[in-house]
Amino acid sequence: MIQVLVLLIVSAIIAFLGDTLGTKIGKQRLSIFGLRPRVTAVLITISTGMVITLVTLLTASMLSDNVRIALFSVQELNKEREALIQKRESLSQNVKELKSEHEKLLKETKELENRIQVKGQALVVFQKNEPILAVLVKGGDNTLASITAYLTDFFQSLSRKSREYGLIVKSEEEFLTDNMGEISRMASYIASISEEMVVGAIATENLHVGESLGQVRFLVRPNRRIFRADQEIASIEVDGQTDRGRIAKMLKEFMEEINLEVVKHGMIGNPLTGRFGDLSSDSMLSFYDLVNQIKNLNRKVNLVAIVKENTFAIGPLNVSFRIEEDEGE
Numbered sequence: 072m073i074q075v076l077v078l079l080i081v082s083a084i085i086a087f088l089g090d091t092l093g094t095k096i097g098k099q100r101l102s103i104f105g106l107r108p109r110v111t112a113v114l115i116t117i118s119t120g121m122v123i124t125l126v127t128l129l130t131a132s133m134l135s136d137n138v139r140i141a142l143f144s145v146q147e148l149n150k151e152r153e154a155l156i157q158k159r160e161s162l163s164q165n166v167k168e169l170k171s172e173h174e175k176l177l178k179e180t181k182e183l184e185n186r187i188q189v190k191g192q193a194l195v196v197f198q199k200n201e202p203i204l205a206v207l208v209k210g211g212d213n214t215l216a217s218i219t220a221y222l223t224d225f226f227q228s229l230s231r232k233s234r235e236y237g238l239i240v241k242s243e244e245e246f247l248t249d250n251m252g253e254i255s256r257m258a259s260y261i262a263s264i265s266e267e268m269v270v271g272a273i274a275t276e277n278l279h280v281g282e283s284l285g286q287v288r289f290l291v292r293p294n295r296r297i298f299r300a301d302q303e304i305a306s307i308e309v310d311g312q313t314d315r316g317r318i319a320k321m322l323k324e325f326m327e328e329i330n331l332e333v334v335k336h337g338m339i340g341n342p343l344t345g346r347f348g349d350l351s352s353d354s355m356l357s358f359y360d361l362v363n364q365i366k367n368l369n370r371k372v373n374l375v376a377i378v379k380e381n382t383f384a385i386g387p388l389n390v391s392f393r394i395e396e397d398e399g400e
C-alpha cells in the first residue's frame, strides 16, 4: 500500500512539473530545435508522460523485488518456466513408466507366489539327493563301444522314467545330445576299471510333478560290498515307558541316522520320507509292530539294526531289528 502511495505522489509531482513547464513555454512561445511554439509544447507534454512512466517503473523496481524481476528478468523467467514444464513432462513420463514397471513386478510376484503355492502342494516325485535311476556296468572286459552303448541305454531309460513320473524332459535325442560329453567321460573311466561299477543319476533338488528334470548329478563308483550278512550296523536305547508317538519318532530318527551312515560308506542314498534301503509296505507294518513291542515291554531296551544279507553299493539295504533288554534293568 505504501509503495502505491509513493508512486502516486511521484507521478503527481512529475505531472505537475510537466504541466507547469508546458504552460510556461506555451505563454512565452518558446521554440526548441526550431519547432513552432505549439509543437514544442506538445513535445514537452509527451516527454513529461514518458518521464512519468520511466520514473514510475524505476521507483517501483526499487520498492519491489518482484517488479524488478518482472521488468528485467522476464526472458530468463520464461526460459526457466519452459525448462520446468519440460522437466515436469519428463517426470510425468517417468512416473508412468515406474507405474507400468510396478504393475509388471506385481504381476510377476503374483505369478511367482502362485507357482510357489502350486509347487508346495504338488507331489514330490524325487527328493534332493535321491537316486532317480541306478544300474551296474561291467568295466575292463567290455569294449569302450559296448560300454558307451550301455550308457546310452541308461540315459534313454532315465529320460523315459522321468516322463513316466510326470517330469518334463526333452526328447531322447536331445537329451542324449546334451549329455553326450558326460556319457563319453563315464565310458572312458569305466573301461579303464576292471570292477563292476554303479552308475547313478541323482536329483540335485526336490522335483515335483509338472517340473522340468533340470540338473542331474551323475556318479560312477565301484559296486563293492558295504555290509556282510548278519552284520550289526547300529543300535539305540529306547524307553518303552514313553508314549507311542515318542517311540515312533525315536525309531524314525534312528533310521535316518542309519541312512546317512550307509551313504557315507558308499551306498546310493534314498532319503524318501526318511527311508533307507527299500522298505516295502510289509516293512512299514513291521515298523509299527516294533513300536508296539517296545511299548508293551514298558521298559528301556536296546534296539539293534542288523543287515539281513550281503549289501553292495547299489543296494538295497534290507535290515531287521533285534530287541535286547537293558542289562541294567
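Going by this note's numbering, the first residue of the sequence shown is number 72, and it counts up by one from there.
Note that CB positions come from ideal geometry on N, CA and C, so glycine has one too.
- Rounded to whole angstroms, Ser230 and Phe246 show a C-alpha spacing of 7 Å.
- Runs of the beta strand (DSSP E) spanning 3 or more residues and lying entirely within the stretch 171 to 229 occur at 195 to 197, 202 to 209, in chain order.
- The three-state secondary structure of Ile297, taken from DSSP, is strand.
- Gly386 sits buried, since 16 or more C-beta atoms from the chains shown fall within 10 Å of its C-beta.
- Three or more pairs of CB atoms, one per stretch, sit closer than 8 Å, so the stretch 377 to 385 contacts the stretch 283 to 303.
- From the listed residues Met121, Thr116, Asn213, Val287, the smallest Cα separation to Phe197 is found for Val287.
- The Cβ-Cβ distance between Leu204 and Lys241 does not fall below 7 Å.
- Taking a contact as a CB-CB distance under 8 Å, the pair Glu174 and Gly210 does not count as one, their CB atoms being some 59 Å apart.
- Under the three-state reduction of DSSP, Val291 is assigned to strand.
- Where Leu284 is concerned, there is no enclosing alpha helix (DSSP H), because DSSP gives it neither an H nor an E.
- Its chain contains Ile297, Ala384, Gly386 as the residues whose beta carbon lies nearer than 6 Å to that of Met338, once the 5 sequence neighbours on both sides are disregarded; these appear in chain order.
- When secondary structure is reduced to three states using DSSP, Ala258 falls in the helix class.
- The beta carbons of Leu361 and Phe392 sit closer together than 7 Å.
- Per DSSP, the continuous alpha helix (DSSP H) segment holding Glu327 begins and ends at 315 to 335.
- In the three-state reduction of the DSSP assignment, Thr382 falls in the strand class, which pools E and B.
- In the three-state reduction of the DSSP assignment, Lys150 falls in the helix class.
- Residue nearest to Lys366 within the set Lys320, Ser283, Lys150, Thr313 is Thr313 (criterion: CA-CA distance).
- The criterion of a C-beta distance shorter than 7 Å is satisfied by Thr219 and Ala258.
- Taking C-beta atoms as the reference points, Glu253 and Phe225 fail to come closer than 7 Å.
- Beyond the five residues adjoining it in sequence on each side, Val270 comes within less than 8 Å, by CB distance, of Ala205, Val206, Leu207, Val208, Leu222, Phe225, Met257, Ile261, Phe289, Leu290, Val291 in the same chain, given in chain order.
- The alpha carbon of Ser357 has as its nearest neighbour, out of Leu331, Lys323, Lys371, Gly120, the alpha carbon of Lys323.
- For the 7 Å CB-CB criterion, Leu194 and Val280 form a contact.
- For Glu243, the enclosing alpha helix (DSSP H) stretches over residues 243 to 249.
- Per DSSP, reduced to three states, the secondary structure at Met338 is coil, with no helix or strand assignment.
- Per DSSP, the beta bridge partners of Gly271 are Ala205, Leu290.
- In this structure, the straight-line span from the alpha carbon of Glu151 to that of Gln157 is close to 10 Å.
- If you ignore the 5 residues before and after Val390, its C-beta comes within less than 7 Å of the C-beta of Gly348, Ala376, Ile377, Val378, Lys379, all in its own chain and listed in chain order.
- A Cβ-Cβ distance of about 6 Å is found for the pair Met268 and Asn294, placing them in contact under the 8 Å criterion.
- By DSSP's assignment, Phe392 forms a beta bridge with Ala376.
- Distance check between Met321 and each of Val309, Val122, Ile329 places Val309 closest, using alpha-carbon atoms only.
- For the set Glu328, Ile318, Gly311, Leu331, the Cα lying nearest the Cα of Glu396 is the one of Gly311.
- Annotation for Ser306: the continuous beta strand (DSSP E) segment containing it runs 303 to 310.
- About 29 Å separates the beta carbons of Ser283 and Leu331, which is beyond the 8 Å limit, so they are not a contact pair.
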